[in-house]
Amino acid sequence: MTTEETVRADLKTRVDALLEAHDPATVERLDFLRAQFDAGLAWVHFPEGLGGLGLSRAHQTYVNELLAAAGAPDNDPRRNGIGLGMAAPTILAYGTEEQKRRFLRPLWTGEEVWCQLFSEPGAGSDLAAVATRAVRDGDTWVVNGQKVWTSSAHKARWAILLARTDPDVPKHRGMSYFICDMTDPGVEVRPLRQITGEAEFNEVFLSDARVPDAHRLGAEGEGWKVANATLMNERVAIGGNATPREASMIGFVAHTWRTRPELRRPEAHDQLMSLWVEAEVARLSGTRLRQKIAAGQPGPEGSGMKLTFARLTQQITGLELQLLGEEGLRYDDWTMTRPDIVDFTGRDPGYRYLRAKGNSIEGGTSEILRNIIAERVLQLPAEPRADKDIPWKDIPR
Amino acid sequence: MNDANLLYTDVETALQESVRDLLTDRCAPEKVIATYDGDRELQPKLWRSLALDLGLAGLLVPEERGGAGASAREAAAVLEELGRFAAPVPFLTSSVIATEALLRAGDDALLATVAGGERTAAVVVPFSTSPDELRATVRVDGQGALRGRVTSVAGAVDADVLLVPVEVADGVELHAVEAGAARITPVVSLDMTRQLADVDLDGASSTRVVEDGGDRAVRAALELGAALMASEQLGVAQWCLDTTVGYLRDRTQFGRSVGGFQALKHRLADLYVMTESTRTAARYAATTAADDDPDRHVAALMAKSYCSDSAVRAAEECVQLHGGIGMTWEHPAHLYLKRAKADQVALGNPQATRRRLGEVVDLPMPTT
Numbered sequence: 001m002t003t004e005e006t007v008r009a010d011l012k013t014r015v016d017a018l019l020e021a022h023d024p025a026t027v028e029r030l031d032f033l034r035a036q037f038d039a040g041l042a043w044v045h046f047p048e049g050l051g052g053l054g055l056s057r058a059h060q061t062y063v064n065e066l067l068a069a070a071g072a073p074d075n076d077p078r079r080n081g082i083g084l085g086m087a088a089p090t091i092l093a094y095g096t097e098e099q100k101r102r103f104l105r106p107l108w109t110g111e112e113v114w115c116q117l118f119s120e121p122g123a124g125s126d127l128a129a130v131a132t133r134a135v136r137d138g139d140t141w142v143v144n145g146q147k148v149w150t151s152s153a154h155k156a157r158w159a160i161l162l163a164r165t166d167p168d169v170p171k172h173r174g175m176s177y178f179i180c181d182m183t184d185p186g187v188e189v190r191p192l193r194q195i196t197g198e199a200e201f202n203e204v205f206l207s208d209a210r211v212p213d214a215h216r217l218g219a220e221g222e223g224w225k226v227a228n229a230t231l232m233n234e235r236v237a238i239g240g241n242a243t244p245r246e247a248s249m250i251g252f253v254a255h256t257w258r259t260r261p262e263l264r265r266p267e268a269h270d271q272l273m274s275l276w277v278e279a280e281v282a283r284l285s286g287t288r289l290r291q292k293i294a295a296g297q298p299g300p301e302g303s304g305m306k307l308t309f310a311r312l313t314q315q316i317t318g319l320e321l322q323l324l325g326e327e328g329l330r331y332d333d334w335t336m337t338r339p340d341i342v343d344f345t346g347r348d349p350g351y352r353y354l355r356a357k358g359n360s361i362e363g364g365t366s367e368i369l370r371n372i373i374a375e376r377v378l379q380l381p382a383e384p385r386a387d388k389d390i391p392w393k394d395i396p397r
Numbered sequence: 001m002n003d004a005n006l007l008y009t010d011v012e013t014a015l016q017e018s019v020r021d022l023l024t025d026r027c028a029p030e031k032v033i034a035t036y037d038g039d040r041e042l043q044p045k046l047w048r049s050l051a052l053d054l055g056l057a058g059l060l061v062p063e064e065r066g067g068a069g070a071s072a073r074e075a076a077a078v079l080e081e082l083g084r085f086a087a088p089v090p091f092l093t094s095s096v097i098a099t100e101a102l103l104r105a106g107d108d109a110l111l112a113t114v115a116g117g118e119r120t121a122a123v124v125v126p127f128s129t130s131p132d133e134l135r136a137t138v139r140v141d142g143q144g145a146l147r148g149r150v151t152s153v154a155g156a157v158d159a160d161v162l163l164v165p166v167e168v169a170d171g172v173e174l175h176a177v178e179a180g181a182a183r184i185t186p187v188v189s190l191d192m193t194r195q196l197a198d199v200d201l202d203g204a205s206s207t208r209v210v211e212d213g214g215d216r217a218v219r220a221a222l223e224l225g226a227a228l229m230a231s232e233q234l235g236v237a238q239w240c241l242d243t244t245v246g247y248l249r250d251r252t253q254f255g256r257s258v259g260g261f262q263a264l265k266h267r268l269a270d271l272y273v274m275t276e277s278t279r280t281a282a283r284y285a286a287t288t289a290a291d292d293d294p295d296r297h298v299a300a301l302m303a304k305s306y307c308s309d310s311a312v313r314a315a316e317e318c319v320q321l322h323g324g325i326g327m328t329w330e331h332p333a334h335l336y337l338k339r340a341k342a343d344q345v346a347l348g349n350p351q352a353t354r355r356r357l358g359e360v361v362d363l364p365m366p367t368t
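If you're matching them up, the sequences are chains A and B in order. Residue numbers for the first sequence follow the UniProt record's numbering, beginning at 1 and rising by one. Residue numbers for the second sequence follow the UniProt record's numbering, beginning at 1 and rising by one.
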């Protein structure tokens, strides 16, 4: 047997043992998930004892297939995207043994949802400008400030928090990274209503919120380094999976064009087909990117993919509203809601058009992405950084 | 259709390197610019080196039919390099389009001489012809000779043998005519690195290559030409990007490198993203053609649409971002602008291509 076959056979044995001891048909969902974690079959690329077996990330796909085939429950990963995608790898990389043991298991099972307290009204693209202050008081930190664009904050038990612990040094050096208890009385969560009418995100106000020093991740003053590890994992998560033709936003417009001949306008046809071609080329570029990664040639195309995705979703949803004519003048519902799961393609065309405006802002604005491509890929001169060497407290704001 | 390999194989990379080395040595920009002033000294020797020394003429032809037994993927890899140099050689017209017509037609004797690089061939249609809009205008006269006029033919200037679609009562035949038997008048062309010619047939004798279905062979050849020209357009866009980035890094104004100004660096970032998308579209067209994948027709139409426009945009940005020097005769940017614009119009302009694609993928233009 090849090494790969040996690994798979071993995983099969472990999955069978898990299913044998915990029959999904009879055992409680949460009990099964906890047992799966303890068997190292939660995320096999994590270390043994922390829900994994120290294998590669790709092997988890195999485990998931086996479990799904047996009718096992899953941990509903979309409900805890920040926890699984960002908090967990950061805790693994920078957490103490005690932190790993305390936080990773209920995070993975979904018992504890996580959110991210990074962005602030005054620290968006310039994240290192965060002004939320954490002041030491014996064994705890007292935190004051305002965070924004926090999805899941109203459901979260814990948050990863970036705060300023030393205002007397340049901005990148004076931050620390914490795990914040969202049930602390100093934490107030308010829905942040968007142009779509709904509140997908929250504002979080921290007023003398208390964080034990034992919940600091990484050394004091090293918050920027830890935060970058978090953001790196966010980018790994982008890249995505193989999708069929027309599975993206263009599918809606194509469907409308096919099924509603009365809406077809000759003057819109060339634009429709240009966007169709661009969407298909973007889809194939995703395939090419995955092929490059599989061939061990990771390239810088990922940042370009997001630029293209944002532009296309905006153009396509704009065309969709125009095609619909009179119907495009209506909107499904402006009532304030707090959706559980964000789906860019959900709801009506008007919603899709408005929600797509966020695609070129969230997760790095298109302008910042262009800077990154120009500087890191094309080796063009970096933007001037006027605040680089002055203490944070002296930066004009 | 998700299995198509969109990367370069080691063989393709090695092939590109040898073509690039030869062109670096023999195809200097000033010599290419000189073709616009009527100096055609460069072409014959350069083409001989590529066709015979590197054996590129027979790339698409199976070994048992006298060729190198490679595929559309390798031909695309070569075209990418030819585009990068705006090389004035008839590879696309003879080794891709005419060769594909002969492969489909089944004339192995003629095919072998073209594949061996001994003779150069050209399909006699206006270079602007879209694969779906082929119209034969040449007819057979009472004496069995060919009569007719076809304007703006690419590759005819370099050709030893002409492949002529001929209209007959029950369809289209494909005839081979010795270049000496036709009147070939070079025309002043937008892109003199692929100079066009008007071809007059005033009673030329010919050999019938295909009796029935000559139009099918020629359409397939033009479609492959469009699919692989996308790689040439990729080479054009890549040169424009690389050259512009290099220039803006070095160029200083207002006491700093102009490549550091956001108004310019953002445009270069967009150009980079677009060039990578161009590579995706071009590779997909090449690999589906090589595999005779059912999606090859859609892939060719997508590539023609996308890569035509992106090469033009890259060349236009190249001229603009170079400033004054980009408008000069001396700087090679204009070679790429002219090649890109001519390629955009050639083999079906992008709007016509998208209209056709709409029919193929069931998103038709309204009929009213």
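C-beta atoms are modelled at their ideal positions from N, C-alpha and C, and glycine is treated no differently.
| Query | Result |
| --- | --- |
| Strand pairing of A/R141, partner residues [DSSP] | Checking the displayed sequence, the identity of residue 141 of chain A turns out to be Trp instead of Arg. A/W141 pairs with A/R136 and A/V211. |
| CB of B/A115 within 7 Å of CB of B/V96, strictly | no |
| N-terminal and C-terminal residue of the alpha helix (DSSP H) that A/A194 is part of | According to the sequence displayed, residue 194 of chain A carries Gln and not Ala. First-last for A/Q194: undefined, no H or E at that position. |
| A/E280 versus A/T308: straight-line alpha-carbon distance, rounded | 12 Å |
| Straight-line Cα distance separating B/A179 from B/D108 | 19 Å |
| CB contact flag (A/K198, A/P339, <7 Å) | It is worth fixing the name first, because residue 198 of chain A is Glu in this sequence and not Lys. Going by C-beta atoms, A/E198 is nearer than 7 Å to A/P339. |
| Extent of the continuous beta strand (DSSP E) to which A/F178 belongs | M175 to D181 |
| When A/L192, A/D139, A/T345 and A/D38 are compared against A/Q146, the one with the closest alpha-carbon | A/L192 |
| Chain B contact residues for A/T308, given Cβ-Cβ distances below 8 Å | V273 and S277 |
| Minimum C-alpha distance to B/E41 - residue among B/D158, B/T151, B/A333 and B/A57 | B/D158 |
| Closer than 7 Å to chain A by CB, B/M327 | no |
| Uninterrupted beta strand (DSSP E) stretches inside the stretch 114-151 of chain B (no shorter than 3 residues) | 121-123 and 138-140 |
| Cβ neighbour criterion (16 or more within 10 Å) applied to B/F254 | exposed |
| Residue range of the unbroken beta strand (DSSP E) whose run includes B/P186 | R183 to P186 |
| Per-residue DSSP class, three states only, for A/E203 | strand |
| Cβ shell of B/R26 (< 6 Å), same chain only, five flanking positions each side left out | L46 |
| 6 Å CB neighbourhood of A/W392 in its chain, flanking five on each side removed | P167, K171 and G174 |
| Where the beta strand (DSSP E) through B/E167 begins and ends | V161 to V168 |
| Three-way DSSP call (helix, strand, coil) for B/W329 in this model | coil |
| A/S360 at chain B interface by Cβ criterion, 7 Å | no |
| Within chain A, partners of B/S257 - CB distance below 9 Å | L380 and P381 |
| Beta-carbon proximity check, B/V124 vs B/V166, cutoff 7 Å | no |
| Inter-stretch contact (C-beta, 8 Å, three-pair minimum) for the stretch 339-358 of chain B and the stretch 265-284 of chain B | no |
| Other residues of its chain near B/K31: CB distance less than 6 Å, five sequence neighbours each side excluded | L42 |
| Where B/H266 meets chain A, residues with beta-carbon distance less than 8 Å | E367, R370, N371 and A374 |
| Inside the stretch 269-318 of chain A only - alpha helix (DSSP H) runs reaching at least 4 residues | none |
| Whether A/S303 touches A/L369 by CB criterion (7 Å) | yes |
| Contact with chain B by A/R264, beta-carbon distance below 7 Å | yes |
| Partner residues on chain A for B/A315, Cβ-Cβ distance less than 7 Å | Under the 7 Å cutoff, chain A gives no residues; its nearest Cβ is about 18 Å from B/A315. |
| Burial state of A/A237 (16 or more Cβ within 10 Å) | Confidence in A/A237 is poor, its pLDDT being 48 and thus under 50, which makes the residue's placement too unreliable to answer from. |
| Environment of A/H255 [buried if 16+ CB atoms lie within 10 Å] | exposed |
| DSSP-derived helix/strand/coil call for A/E120 | strand |
| Contacts of B/M229 in chain A (Cβ-Cβ under 7 Å) | Residues of chain A passing the Cβ test: none, with the nearest at roughly 16 Å. |
| Euclidean distance between Cα positions of B/G323 and B/F261 | 14 Å |
| Residues near A/C115 by beta carbon distance below 6 Å, same chain, minus five either side | I82, T150, S152, A153, A156 and A159 |
| Residue of A/L50, A/N75, A/V63 and A/H45 minimising C-alpha distance to A/R29 | A/N75 |
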